[in-house]
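Report on the following structure.
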Amino acid sequence: MATKPMYLPRRTRNFLGVLPYDPNSPNAGNWWYNSSEETFKFYNGELISLFGDTFTKTVYTRAEEFGRPNANPPSIVDQDNLTLYSFTLNTDKLTIKIRIPEEYHDGAILFFVVWTNDGGTDDNGRTVKWQFDYQVGEEGDVISGSHTHSPKSVEDTYTSNSGWVEHHTDTVSIDGADFSGKLCLFIKLSAVTPSGTALTSESHLIGICMSYTAKRYIM
Numbered sequence: 726m727a728t729k730p731m732y733l734p735r736r737t738r739n740f741l742g743v744l745p746y747d748p749n750s751p752n753a754g755n756w757w758y759n760s761s762e763e764t765f766k767f768y769n770g771e772l773i774s775l776f777g778d779t780f781t782k783t784v785y786t787r788a789e790e791f792g793r794p795n796a797n798p799p800s801i802v803d804q805d806n807l808t809l810y811s812f813t814l815n816t817d818k819l820t821i822k823i824r825i826p827e828e829y830h831d832g833a834i835l836f837f838v839v840w841t842n843d844g845g846t847d848d849n850g851r852t853v854k855w856q857f858d859y860q861v862g863e864e865g866d867v868i869s870g871s872h873t874h875s876p877k878s879v880e881d882t883y884t885s886n887s888g889w890v891e892h893h894t895d896t897v898s899i900d901g902a903d904f905s906g907k908l909c910l911f912i913k914l915s916a917v918t919p920s921g922t923a924l925t926s927e928s929h930l931i932g933i934c935m936s937y938t939a940k941r942y943i944m
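Residue 943 in the working numbering sits at position 218 of the sequence shown; the count goes up by one each step and never skips.
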């Protein structure tokens with residue numbers, strides 16, 4: 726994992742300076758960087774606050790923000806105030822290009838799909854299978870084919886007779902080792918034949934959520 730830059734805090738009121746090591750008796754207003762914990766610490770006169778800890782960050786991207794390839798793109802469907810992508814089974818593709826986030830810390834990047842059916846009421850209990858074919862790369866790499874651990878997939882069952890109901894899949898995990906030292910993930914998303922009974926209609930993509938462990942930095 727590449728070393729991430731650590732930024733010094735702003736010089737705010739009562740700022741006394743950044744100390745190079747943990748002081749035995751800090752003064753109110755002191756900051757210091759603890760290299761063993763990879764955190765900034767701040768003493769306000771009563772307690773010590775920690776900065777630089779990790780947290781789970783989830784980013785949502787709407788379907789229309791992804792790229793549609795020239796060959797076999799999904800159809801665009803507008804439903805009220807939503808733009809959906811409709812996938813023909815085993816045919817349509819959606820391309821997703823993701824830069825590894827600056828604040829990514831470690832571990833897997835998780836994805837889950839937000840989807841619905843075509844608004845019909847006859848898909849209750851029927852299944853969709855979303856497939857992620859992916860590759861990784863950085864400057865100078867030849868981008869072709871798929872990663873050795875690709876594809877990853879997830880199945881989800883429609884559980885409504887109402888139609889146009891938002892569903893969230895379980896997560897698809899791309900291990901940190903797969904993109905270690907790389908800058909980007911290139912993903913091709915498709916709807917393929919599920920092990921359960923397939924939807925009577927095409928599956929409609931609403932969006933995709935990406936979740937990962939992020940490092941909290943002081944700017």
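For glycine and all other residues, C-beta sits at the position ideal for the given N, C-alpha and C. Keep in mind it's a predicted model, so treat the numbers as computed, not measured.
If you look at Asp903, you'll find it in the alpha helix (DSSP H) that goes 901-904.
Burial of Asn755 is indicated by the presence of at least 16 other C-beta atoms within 10 angstroms of its C-beta. Residue range 909-917 is occupied by the beta strand (DSSP E) that includes Phe911. Contact between Ser926 and Gly845 holds: CB atoms are separated by about 6 Å, below the 8 Å threshold. Residue pairing of Trp889 in beta bridges, as defined by DSSP: absent, with no partner found. A direct Cα-Cα distance of roughly 9 Å separates Ala753 from Leu772. Put simply, the backbone Cα of Glu863 is about 6 Å away from that of Cys909. Setting aside the 5 residues that flank it on each side, Asn886 is surrounded in the same chain by Thr846, Asn849, each with a C-beta closer than 7 Å to its C-beta; the list follows chain order.
By the neighbour-count criterion, in which a residue is buried when 16 or more other Cβ atoms sit within 10 angstroms of its Cβ, Val784 is exposed. The distance from the Cβ of Ser898 to that of Ala833 is about 4 Å, consistent with a contact at the 8 Å cut-off.
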